[in-house]
Amino acid sequence: MDMKLQIKGVVDVSSFLLVEESADSEEDFPTWEMCRDVAAATGGGEDDAESCSCDTATQTLVHHDQVLGVCNGGGLRKKFYKESCPEAEDIVKSITWKHVSTNSVLPAKFLRMHFHDCFVRGCDASVLLDSTANNTAEKDATPNLSLAGFDVIDEIKSQLEKTCPGIVSCADIVALAARDSVSFQFNKSMWEVLTGRRDGRISLASQALNEIPSPLFNFTTLKQSFANKGLTLHNLVVLSGGHTIGVGHCNLFSSRLYNFTGKGDQDPSLNSTYAAFLKTKCTSLADNTTTVAMDPGSSLSFDSNYFKILKQNQGMFQSDAALLTNKGSRNIVDELVESGKFFTEFGQSMESMGAIGVLTGTSGEIRKKCSVVN
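Using our numbering, read the sequence shown as starting at -3 and increasing by one per residue.
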């Protein structure tokens, strides 16, 4: 079994002893949130967390000269553009909110874009790159054909290039736009976005097909898919709550209605009333264009209702229903029904997801235009 260095929740800040945990542990790898706690415990204050760094040779998270554990997020930090482009985050927020105010489906679109970006080659904006004559990019892989919002990302990038050329990465724009689009409903930022990502130069449709979790996954496959990215079972359940907004295409769940085991049957775990409703929307297995709200009656409101309907066996996808097939994940679902708990946990899990495989320092580039490499 692979062993990874992790830190217990309570550490002796004079020694920061590392302990070995199995890969099955549900504890998060050290993050910048942990570094903030360490900074505070050593009298440095929250801003001292900016002194955290990732030793790329050993892939360890370091606070000053003390090793905290395995890196999760490279050189990301708060207010990365504070000196180089002070208006950066305000520009992203302003343009994002302008568009969300007239297009209420954008929050779901940006969450999905960020998720699909991070799960393939890390959060490096590779999902934004266009295909070329010699390469089919992630954007044109089947799971990404329904992505949207690229025009808004381009508008944000264009304004940032006018304000501070060559400074703000497309990868950071995607992460910030995901947060800001969801936050519009609440008129405040719902979670911290650490910045400092750089943009990748490679984008392969084949990798998107292999790496993006399928809505047809069972629990075991789903959990492994997230574990492969350094995310825990807790992250998996919490991030699934993003399905409280947005829509799903009929062809991604209609087998649960009409041919679950290949015998023309219905998934017995699906709420019968909900199944009847879905059948009025998706009339055949062949329908690949119709969409249905994943959280009916609440699909434009970011809330914890997803977990309430999931407990009633009204999860749309097989991957949603899978969360009820494991005791540990069921317990987490129960906890997240409370909206305050969900909001807090979602922000923390988004921070973890946003740190997957990031390029920082001199790695990658800062694209001038998000759809093409420099």
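Beta carbons are placed, not taken as given, at the ideal position from N, Cα and C, and that holds for glycine.
(message) Please list the terminal residues of the continuous beta strand (DSSP E) segment that includes Val288.
(response) Thr287 to Ala289
(message) Using the Cβ count rule (16 or more neighbours within 10 Å means buried), how would you classify Phe182?
(response) exposed
(message) Could you compute how far the alpha carbon of His239 sits from the alpha carbon of Lys304?
(response) 12 Å
(request) Grab the span of the beta strand (DSSP E) containing Gly244 for me, first residue to last. (result) Val243 to His245
(request) Leaving out five residues on either side along the sequence, give the residues of the same chain with a beta carbon under 8 Å from the beta carbon of Val329. (result) Val233, Phe303, Leu306, Lys307, Leu319 and Leu320
(request) Note down the Cα distance separating Phe115 from Ile208, rounded to an integer number of angstroms. (result) 6 Å
(request) Take the Cβ of Glu341 as the centre, count every other Cβ of all protein chains shown within 10 Å, and call the residue buried at 16 or more, exposed below. (result) buried
(request) Enumerate, from N- to C-terminal direction, the unbroken alpha helix (DSSP H) stretches of 4 or more residues contained entirely within the region 283 to 358. (result) 301 to 307, 314 to 317, 323 to 332 and 335 to 349
(request) With a threshold of 16 other CB atoms inside 10 Å of the CB of Pro103, please say whether the residue is buried or exposed. (result) buried
(message) Can you tell me whether Gln314 is buried or exposed? The criterion is at least 16 other CB atoms within 10 Å of its CB, across all chains shown.
(response) buried
(message) Whole angstroms are fine: how far does the CA of Ser280 sit from the CA of Ser90?
(response) 42 Å
(message) Given this structure, state the Cα-to-Cα distance separating Leu172 from Gly350, to the nearest angstrom.
(response) Each residue's Cα considered, the two are about 10 Å apart.
(message) Checking the sheet assignment: what are the DSSP bridge partners for Arg175?
(response) Partner(s): none; Arg175 has no beta bridge.
(request) Answer yes if the region 124 to 131 comes into contact with the region 352 to 362, meaning at least three C-beta pairs across the two stretches below 8 Å, and no otherwise. (result) no
(request) Provide the residue span of the alpha helix (DSSP H) that contains Lys364, from first to last. (result) From DSSP, Lys364 is part of no alpha helix (DSSP H); its letter is neither H nor E.
(message) Can you give me the C-alpha to C-alpha distance between Asn378 and Thr138, rounded to a whole angstrom?
(response) Residue 378 lies beyond the stretch modelled for the chain, which goes from -3 to 370, so this question has no answer here.
(request) Report the rounded CA-to-CA distance for Phe339 versus Asn309, giving the unit in angstroms. (result) 22 Å
(message) I'd like to know whether the C-beta atoms of Val148 and His110 end up nearer to each other than 8 Å.
(response) no
(request) State buried or exposed for Ala53, treating a residue as buried only when at least 16 other CB atoms are found within 10 Å of its CB. (result) Here the model assigns Ala53 a pLDDT of 39, short of 50, so the residue's position is not dependable and the matter cannot be decided.
(request) Could you check the C-alpha separation between Leu274 and Ser210 for me, to the nearest Å? (result) 20 Å
(request) Work out the CA separation of Val288 and Ala271 for me, nearest whole Å. (result) 12 Å
(request) Compute the Euclidean distance between the alpha carbons of Gly293 and Ser165, then round it to the nearest angstrom. (result) Rounded to whole angstroms, Gly293 and Ser165 show a C-alpha spacing of 36 Å.
(request) Could you pull out every residue in the same chain whose Cβ sits closer than 7 Å to the Cβ of Gly324, ignoring the five residues on either side in sequence? (result) Leu229
(message) By the DSSP assignment, the alpha helix (DSSP H) with Leu205 in it spans what residues?
(response) Residues Ala201 to Glu207.
(message) Short of 7 Å in beta carbon distance, which residues of its chain neighbour Ala144, apart from the five on each side in sequence? Order them along the chain.
(response) So the list reads Lys105, once near-sequence residues are dropped.
(message) Let me make sure I understand the geometry here. Which of Asn99, Phe76 and Gly118 has the alpha-carbon closest to that of Leu227?
(response) Gly118
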